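J.:
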Amino acid sequence: MHGALRPASGLARIAETPPVMKASQFFISTLKEAPADAEVVSHKLMMRAGLVKKLGAGIYTYMPMGLRVIRKVEAIVREEMNRAGAVELSMPVIQPAELWQETGRFEKMGPELLRIKDRHERDYVVQPTSEEVVTDIARQEIRSYKQLPKNFYQIQTKFRDERRPRFGLMRGREFTMKDAYSFDRDQDSAKASYQVMAQAYRKIFDRFGLTYRAVAADSGAIGGDLSEEFQVIAATGEDAIVYCPGSDYAANMEKAQALEPQAPRAAAAQALTKTPTPGKSTCADVAELLAVPLQTTVKSLVLATDTRNEAGEVVKTQVWLLLLRGDHDMNEVKVGKLPGLADFRFATVPEIEDHFGSKPGYLGPIGLKKPLKIVADRDVAVMADWICGANEADFHITGVNWARDLPEPDLVADIRNVVAGDASPDGQGVLAIERGIEVGHVFYLGTKYSQAMGATFLDVNGKPQFLEMGCYGIGITRLPAAAIEQNHDERGIIWPDAIAPFTLVLCPIGMDRSEEVKAAAHALYQEFLAAGVDVLLDDRGERPGAMFADWELIGVPHRLVISDRGLKEGQLEYQHRRDTEATKLAVADVVASIRGRLAA
RNA sequence: CGGGGUGUAGCUUAGUCAGGUAAAGCGCUACGUUCGGGACGUAGAGACCGGAGGUUCGAAUCCUCUCACCCCGACCA
C-alpha cells in the first residue's frame, strides 16, 4: 500500500522487487550453445543465461533474469545520487527538434542522432542525451541564485544510431543511461558540484564490486582537467587507458601526454641515400628489409583542412604532412587541437599525388612537388639519420637529417599516442596501458548550453548570469556487460553480490522424492526471505547436474544444496560461485552463516 | 558509408558446387526406466528453407531484386 513511500533502505528495496522467487514461477531460459551472432564473452553469456534477447541490431529485450540485474544497478545508482543531493526527474525520450536546433546539435550531431517526424511532419529526435531539455527546464524554473546549486538526474532510455552496434549490451543503439546535470551560480561552485559527483561515482563503482579506474579524459573545447571517465578494467574493453603503476596518474589514450624527449638531437652521421625498397610500403616492412630498428623510421601522414565561404563551399585547401616515428601512432584528438587543424580530414589520393608526386606508401618530406605545412612529433624532431619515403614508388631515403637535408618543421608538437614504457607525465615512473570499458563519465560543461539557450538566473546583485553546468553519465545497461567481461569463467557468469539477479539460490536434490528435502527447502526459503536475503528456490525438479549447470551459467554467487544425505547429518552444502568445493554448514545456523558471507 | 559473409525447427548446424518435394544434435511434449554434475529408451510435436519475382515439368539449391543480421575497414601510406 504505502510501500512506495517507504525510504529506500535495504529491506524495503527487496520488498519492492517482484515477490516471485520460486524458479517454477519465475522465468529461466538457458541455452547450451550461444547464438551464432554473439561474439564477445559477455554477449554470449548473457544470451546463454537468458538475460537478454536480441530484437534487432543493437536492440535488446531485457528478460526477467536480466532485468533484475539492471534494477539492482539502477537502485544503487539512485541511492547514491540521492545521497549526493541530486534530485530525480524524467524527461521525454522523444524531444522536439526546436530545442536541438537552438544549440545547433540537430545539424551537428550527424547520423548518430535519430530524427523522426510526427503526423504533421514536425521534426523530433529520440534523445541520445538530454542537455537541451534539462537546460530548457532550468531557464524556465531557475530564476534566482537562491535556487542554486541544483542537480537533476534521470534514469532513462537513450538511443544512438551507432554506425556499428556490436558486442551486445556493450555498444547497443538503445540503452539505459543515468544522466545528471548540475547547475551552479559560478565556476567555483560548479567545480565543487563536479567533485561531489566524482566522489559519488567512486562510491557507486565501489558498491558494484568491480575493478575500475577513474581516468582523466579529454574535455574537448572546454579545456581544463574537469573530465573523468570511469573505466571497468577488462581485456576486451574498447578503450585504451594509460596509468602509472607507481602513482595515481591515469588518463585515457586521447588525453595522455607524451613527454618531451630529454636527449638532444644527435649529430648527423650518415649520408643521405636513396634505397630501393620494392613493394615495402609500411615502416615495419622497410625496417625489416633494411634490418634497422623500427624506431629509426618515420611515417608520413597526410591531412587536409578546408576553408569554406559563407555558402559552405570550399575556397581553399591546406595540405599538412604529419611525421611520426615508425613505431608510434597518431593521436587524432591531439592533432585536432593544433592551430589550424581543428577540422582536419585525411587527404585524398589525388591531393597526395599532387603534392608528393607519388602514391601513398613511399611518401616523405624531401622532394615535395608543392609546398605544404609539416608537423613533426616531438620524438621525430630530435631524430637523426632517419628513414622516410622517397616520394617515388619502391624507394625510401636513409640518413635523413633535419636542417642538413630539409628545413626544420613548421611545427613540433605532441601528436602521438603514448606507448607502454613512456615516462609518466607526473615524473613518478613509466606508463603502462590496459584496456577498459567506459561505464561512467563526469564532465564540467561551463556555460556552453546555458549560453546557447539563454539560461540565466539573477545573482546577488540582481544581474542575470549564465548558469554554470556539469553533466554526469552512467551506462546502466552497459554495466552488467562490463561486469561479466571482468567476472566469468568457463562455466558462466560470476556476479558480484551487489548486482546478481539473485544473491542466493537454494538447490534441493530430489525434492519430488523426499518429503524431508521438500519441507526443509521451503522452510529455509521462508527463513531467508524473512532475513531479507534475495533468495530463489529452484523447485523445478531438475536433475542436479542440469540444475547446477544452469546456476553456474547464470552466475548466482551463493548456492545452498539441500539433500536427503545432508539432512540426515543435519548439514547443508554451501558453495560460492568461485569456490572449487562445497562447505558443509549445520542446518541450525545456516541463515546466520550465509548472511555473514554476503557482501554488506 | 566501403568491403566481405550469412540467412534452413526455439538454439547449433548439414543439405546449395553437380535442381527431384527438407536432415541431424540440443531443446520441447507424452509414457516408462532413472535420479549428486547438462540421464536413457520408446513415441511424438515443431521449418511454406528471410521475402518477392524469374528460369524450369520440377527450386532450399540456378538468376534478378529486396530485407535482415554478422564480421572487417573507414584512410596510421
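Just so you know, the first sequence maps onto residues -12 to 587 in the working numbering. C-beta: ideal position from N, C-alpha, C; glycine also. This structure is a prediction, so every number in the text was calculated from the model and none was measured.
Comparing alpha-carbon positions, which option in ASN388, TRP538, ALA573 and ILE220 lies nearest GLN473?
T.: As a working mapping, residue 473 is identified with position 486 in the first sequence. It is ILE220 whose Cα lies nearest to the Cα of GLN473.
J.: Just to check my reading of the structure: ALA73 and TYR140 have Cβ atoms closer than 8 angstroms, yes? What is that Cβ distance to the nearest angstrom?
T.: Numbered from 1 along the first sequence, position 86 holds the residue referred to as residue 73. Numbered from 1 along the first sequence, position 153 holds the residue referred to as residue 140. Confirmed, Cβ separation roughly 5 angstroms.
J.: Near THR198, which residues of its chain fall below 6 angstroms by C-beta distance, leaving aside the five closest residues on each side in sequence?
T.: As a first step, residue 198 must be located in the first sequence, where it is residue number 211. Answer for THR198: ILE220, listed in chain order.
J.: For the segment 368 to 379 against the segment 347 to 354, are there 3 or more C-beta pairs whose distance is under 8 angstroms?
T.: Contact holds: three or more Cβ-Cβ distances are below 8 angstroms.
J.: Would you call the CB atoms of ALA237 and ILE228 closer than 8 angstroms?
T.: Indexing the first sequence from 1 puts residue 237 at position 250. Indexing the first sequence from 1 puts residue 228 at position 241. Taking 8 angstroms as the Cβ cut-off, ALA237 and ILE228 qualify as a contacting pair.
J.: Could you tell me which residues DSSP pairs with ARG312 in its beta bridges?
T.: Indexing the first sequence from 1 puts residue 312 at position 325. The partner list for ARG312 (beta bridge, DSSP) reads VAL285.
J.: Please identify the residue among THR570, MET498, PRO544 and VAL578 whose C-alpha is closest to the C-alpha of LEU551.
T.: Mapped onto the first sequence, residue 551 falls at position 564. Note on residue identity: the sequence assigns Asp, not Leu, to residue 551. ASP551 has its Cα closest to that of MET498, out of THR570, MET498, PRO544 and VAL578.
J.: What's the C-alpha gap between ARG295 and MET50?
T.: In the first sequence, the residue the question calls residue 295 occupies position 308. In the first sequence, the residue the question calls residue 50 occupies position 63. Distance between the alpha carbons of ARG295 and MET50 is about 51 angstroms.
J.: By the DSSP assignment, the beta strand (DSSP E) with TRP389 in it spans what residues?
T.: Residue 389 sits at position 402 when you count from the first residue of the first sequence. Here TRP389 belongs to no beta strand (DSSP E), and DSSP marks it neither H nor E.
J.: In angstroms with no decimal places, state the Cα-to-Cα distance between LYS41 and SER16.
T.: Walking along the first sequence from the start, residue 41 turns up at place 54. Walking along the first sequence from the start, residue 16 turns up at place 29. Cα to Cα, LYS41 sits roughly 14 angstroms from SER16.
J.: Since ALA468 and GLY196 are thought to touch, with beta carbons under 8 angstroms apart, how far apart are those beta carbons, to the nearest angstrom?
T.: Stepping through the first sequence from its first residue, residue 468 is reached at position 481. Stepping through the first sequence from its first residue, residue 196 is reached at position 209. With a Cβ gap of about 15 angstroms, ALA468 and GLY196 do not count as contacting.
J.: Could you check whether the segment 303 to 322 touches the segment 282 to 294, counting it as contact only if at least three pairs of C-beta atoms, one from each stretch, sit closer than 8 angstroms?
T.: Segments in contact, yes.
J.: How long is the line joining the alpha carbons of PHE146 and HIS30, rounded to whole angstroms?
T.: As a first step, residue 146 is located in the first sequence; it is residue number 159 there, counting from the start. As a first step, residue 30 is located in the first sequence; it is residue number 43 there, counting from the start. Cα to Cα, PHE146 sits roughly 19 angstroms from HIS30.
J.: Provide the residue(s) that pair with TYR459 in DSSP beta bridges, ordered along the chain.
T.: By one-based count along the first sequence, residue 459 stands at place 472. DSSP lists ALA167 and VAL429 as partners of TYR459.
J.: Per DSSP, which one or two residues make a beta bridge with VAL219?
T.: Here residue 219 is taken as the residue at index 232 of the first sequence, counted from 1. DSSP lists TYR199 and ILE424 as partners of VAL219.
J.: For a quick check, are the C-beta atoms of GLY327 and THR292 less than 8 angstroms apart?
T.: Residue 327 sits at position 340 when you count from the first residue of the first sequence. Residue 292 sits at position 305 when you count from the first residue of the first sequence. Contact: yes.
J.: Are at least three pairs of beta-carbons, each pair with one atom in the segment 454 to 464 and one in the segment 108 to 126, less than 8 angstroms apart?
T.: Yes, the segment 454 to 464 touches the segment 108 to 126.
J.: In or out: ALA508 buried (at least 16 other Cβ within 10 Å) or exposed?
T.: The count along the first sequence starts at 1 and reaches residue 508 at position 521. The residue is buried, with at least 16 neighbouring Cβ atoms inside 10 Å.
J.: Is DSSP giving ARG153 helix, strand or coil here?
T.: Your numbering for residue 153 matches position 166 in the first sequence. Correct three-state label for ARG153: strand.
J.: Going by the CB atoms, is the gap between GLY159 and ILE46 shorter than 8 angstroms?
T.: By one-based count along the first sequence, residue 46 stands at place 59. By one-based count along the first sequence, residue 159 stands at place 172. Yes, they are a contact pair.
J.: LYS59 to ARG478, Cα distance in whole Å?
T.: Reading the first sequence from its first residue, position 72 is the one you call residue 59. Reading the first sequence from its first residue, position 491 is the one you call residue 478. One C-alpha to the other measures close to 23 angstroms.
J.: Can you list, in chain order, the residues of its chain whose CB lies under 7 angstroms from that of LEU86, leaving out five sequence neighbours each side?
T.: Reading the first sequence from its first residue, position 99 is the one you call residue 86. Excluding sequence neighbours, LEU86 sits near GLU119, VAL120 and ASP123.
J.: Report the rounded CA-to-CA distance for GLY542 versus ASP205, giving the unit in angstroms.
T.: As a first step, residue 542 is located in the first sequence; it is residue number 555 there, counting from the start. As a first step, residue 205 is located in the first sequence; it is residue number 218 there, counting from the start. Looking at the two C-alpha atoms, the distance is approximately 36 angstroms.
J.: Going by beta carbon distance, what residues of the same chain come within less than 8 angstroms of GLY91, once the five residues before and after it are set aside?
T.: The residue you call residue 91 lines up with position 104 of the first sequence. Within the same chain, GLY91 has close Cβ partners ALA439.
J.: Applying the criterion that 16 or more other CB atoms from any shown protein chain within 10 Å of the CB defines a buried residue, is ARG465 buried or exposed?
T.: For the purposes of this step, residue 465 is taken as residue 478 along the first sequence, with counting starting at 1. ARG465 should be labelled buried.
J.: Of all the options GLU94, GLY462 and VAL301, which has the alpha carbon lying nearest to the alpha carbon of THR163?
T.: Here residue 163 is taken as the residue at index 176 of the first sequence, counted from 1. If we check each option's Cα against that of THR163, GLY462 comes out closest.
J.: Could you tell me how far apart the beta carbons of ARG403 and ASP316 are, in whole angstroms, since I believe they sit closer than 8 angstroms?
T.: By one-based count along the first sequence, residue 403 stands at place 416. By one-based count along the first sequence, residue 316 stands at place 329. The Cβ separation is near 6 angstroms, so the contact holds.
J.: Between the C-alpha atoms of ALA363 and LEU398, what's the straight-line distance to the nearest angstrom?
T.: The residue you call residue 363 lines up with position 376 of the first sequence. The residue you call residue 398 lines up with position 411 of the first sequence. Cα-Cα distance, rounded: 6 angstroms.
J.: In this structure, how does DSSP classify PRO22 when only helix, strand and coil are distinguished?
T.: Residue numbering aside, residue 22 sits at position 35 when the first sequence is read from its first letter. Looking at PRO22 - three-state DSSP - the assignment turns out to be coil, as it is neither helix nor strand.
J.: Between the alpha carbons of GLY583 and SER131, how many angstroms are there, rounded?
T.: For this step, residue 583 is matched to residue 596 along the first sequence. For this step, residue 131 is matched to residue 144 along the first sequence. GLY583 and SER131: Cα-Cα distance of roughly 50 angstroms.
J.: At what residues does the beta strand (DSSP E) containing TRP373 begin and finish?
T.: What you label residue 373 is simply residue 386 of the first sequence in a count that begins at 1. 373 to 376 is the span of the beta strand (DSSP E), which, as asked, contains TRP373.
J.: Using CA atoms only, rank isn't needed, just tell me which of GLU161, MET157, LEU213 and ARG200 is closest to VAL183.
T.: Numbered from 1 along the first sequence, position 196 holds the residue referred to as residue 183. Out of GLU161, MET157, LEU213 and ARG200, LEU213 has the C-alpha closest to the C-alpha of VAL183.
J.: Does DSSP classify GLN558 as helix, strand or coil?
T.: Residue numbering aside, residue 558 sits at position 571 when the first sequence is read from its first letter. Strand.
J.: Please state whether DSSP places TYR140 in a helix, a strand or coil.
T.: For this step, residue 140 is matched to residue 153 along the first sequence. In this structure, TYR140 counts as strand in the three-state DSSP scheme.
J.: Among residues of its own chain, excluding the 5 on either side of GLN103, which ones have a beta-carbon nearer than 6 angstroms to its beta-carbon?
T.: To locate residue 103, count along the first sequence from 1; it is residue 116. Rather than Gln, the amino acid found at residue 103 in this sequence is Ile. Around ILE103: TYR111.
J.: Relative to the C-alpha of VAL578, which candidate in HIS545, MET370 and TYR431 has its C-alpha closest?
T.: By one-based count along the first sequence, residue 578 stands at place 591. Measuring from the Cα of VAL578, the nearest candidate turns out to be HIS545.
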